[in-house]
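Participant: Sharing a structure, written as C-alpha cells. Questions coming.
Residue numbers (this note's numbering): 5 to 161.
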C-alpha cells in the first residue's frame, strides 16, 4: 500500500509542476527577435526619451490583423522630434479638442514626413497621432484589405 501512495504523490507533484510551468509560460509576454520587428521600431528602440514597441498581428477586426509600431515620447524634446520626423502638423487647441487629440494620416513607407503617395496606396502606412499621450502608432500595410480595415477601425474609434 505504501508504494501506491508514494506513486500517487509523485504523479500529483509532477502534474502540479507541469501545470505551473505551462501557466507561467503562457503569462509571459511574447517577444520577437529585433530582426522580425519593423524598421521604424529598430530606428527608435534605443533612442533616449522614446519608448518603442512592436505588435505583430494586431487585430483590427475579426478577420484582419496588421503589424503596428508604437512610439511614445517620455520627454517634450522627444515628442517634438517625433512630430518633426513624422510630419505632424500642430493644430490650434479648439481643433485638438474637437478631434479628441487623435489624428491620422497616410505617409510613404520610406519617408513618414512626406504627404501620401498618390500613385499607389500600398506604398503608404497609416500614422495615428495622440497628442495628449504623446504617442505615434505606425500601421504597416501589406495588402489593400488591411488599409480598408484600418479606415473602418478609425471610423469606429
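For each residue, glycine too, the CB sits at the ideal point set by N, CA and C. Since this is a predicted model, take the numbers as computed values, not measurements.
(1) Out of 12, 83, 56 and 125, state which residue places its alpha-carbon closest to the alpha-carbon of residue 142.
(2) Where does residue 59 sit, in a helix, a strand or coil, going by DSSP?
(3) Does the distance from the CB of residue 73 to the CB of residue 111 come in under 8 Å?
(4) Can you have a look at residue 129 and say buried or exposed, based on whether 16 or more other CB atoms are within 10 angstroms of its CB?
(5) Excluding sequence positions up to five away, which residues of its chain have a Cβ less than 6 Å from the Cβ of residue 5?
(6) Based on DSSP bridge pairs, tell me the residues matched to residue 37.
(7) What are the partner residues of residue 146, as DSSP defines its beta bridges?
(8) Within this structure, are the beta carbons of residue 75 and residue 139 separated by less than 8 Å?
(9) My understanding is that residue 69 touches residue 105, with C-beta atoms under 8 Å, so please give their C-beta distance in whole angstroms.
(10) Which residues in the same chain as residue 156 place their Cβ atom closer than 8 Å to its Cβ, once the five residues preceding and following it in sequence are excluded?
(11) Under a three-way DSSP split, which group does residue 86 fall into?
(12) Does the distance from the C-beta atom of residue 88 to that of residue 116 stay below 8 Å?
(13) For residue 158, name the three-state secondary structure that DSSP assigns.
Facilitator: According to the data block:
(1) As a working note, residue 142 is residue 138 in the chain shown. Ranking the options by Cα distance to residue 142, first place goes to 56.
(2) As a first step, residue 59 must be located in the chain shown, where it is residue number 55. It is a strand residue.
(3) For this step, residue 73 is matched to residue 69 along the chain shown. For this step, residue 111 is matched to residue 107 along the chain shown. Their beta carbons are not under 8 Å apart, which means residue 73 does not touch residue 111 by this criterion.
(4) Locating residue 129 in the chain shown gives position 125, where the first residue counts as 1. Buried, since its Cβ has 16 or more Cβ neighbours within 10 Å.
(5) Stepping through the chain shown from its first residue, residue 5 is reached at position 1. Confidence is the limiting factor: at residue 5 the pLDDT is only 49, short of 50, which leaves the residue's position unreliable, though a coordinate-based value still follows. Hits under 6 Å: none found.
(6) For this step, residue 37 is matched to residue 33 along the chain shown. Paired residues: none, contrary to the question.
(7) Looking up residue 146 in the chain shown gives position 142. According to DSSP, which records beta bridges pairwise, residue 146 is partnered with nothing at all.
(8) For this step, residue 75 is matched to residue 71 along the chain shown. For this step, residue 139 is matched to residue 135 along the chain shown. Yes. Within cutoff.
(9) Position 65 of the chain shown holds residue 69. Position 101 of the chain shown holds residue 105. Residue 69 to residue 105, Cβ: 26 Å. No contact.
(10) Your numbering for residue 156 matches position 152 in the chain shown. Hits under 8 Å: 64 and 65.
(11) Taking the first residue of the chain shown as position 1, residue 86 is located at position 82. Helix, per DSSP.
(12) As a position in the chain shown, residue 88 is number 84, starting the count at 1. As a position in the chain shown, residue 116 is number 112, starting the count at 1. Not closer than 8 Å, so no.
(13) Your numbering for residue 158 matches position 154 in the chain shown. In this structure, residue 158 counts as helix in the three-state DSSP scheme.
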